[in-house]
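Data first, discussion second: the structure below is written as structure tokens.
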Amino acid sequence: MTARHVLVQVLLWTGVACVLLSAAAVLRLRGTLMRLHALAPASCAGVPLVAAAVAVDQGVGRAAAKTLFIGLLFAAGGTVTTIAVGRAAVEAEPAEERGGSAEEGGGA
4 MTARHVLVQV LLWTGVACVL LSAAAVLRLR GTLMRLHALA PASCAGVPLV
54 AAAVAVDQGV GRAAAKTLFI GLLFAAGGTV TTIAVGRAAV EAEPAEERGG
104 SAEEGGGA
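When we follow my numbering, the leftmost residue of the sequence shown carries the number 4, and every step to the right adds one.
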């Protein structure tokens, strides 16, 4: 086993662990916002780590650069999507379900 192969394996299995732990947390946690927080490691760390593993395995070149770019898009896009879904979920829920009073939501 070469050092490159070991690095690929470490990156790959770390990314897979992030995705699997996020999936387990989604099943375990209750509430929309808690589940959104549980998905963050998968989109921000899991997929980019898997993309990095693939890029290292591909070696230096265009294919590796494209793979790393896709991983960066997932990291940035996952964060932006999580924020947008979280805001929409907060706006859709009544104030009582969020733990606040009815007067807080009115904004007087």
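Positions of the beta carbon are idealized from the N, C-alpha and C atoms, including for glycine.
So what's residue 82 in DSSP terms, helix, strand or just coil?
helix
Count the other C-beta atoms from every protein chain shown that fall within 10 angstroms of the C-beta of residue 51, then say buried if there are 16 or more, exposed otherwise.
buried
Could you check where the alpha helix (DSSP H) with residue 44 kicks off and where it finishes?
35-44
Roughly how many angstroms lie between the CA atoms of residue 76 and residue 4, to the nearest whole one?
31 Å
Cα-Cα separation, residue 82 to residue 93
17 Å
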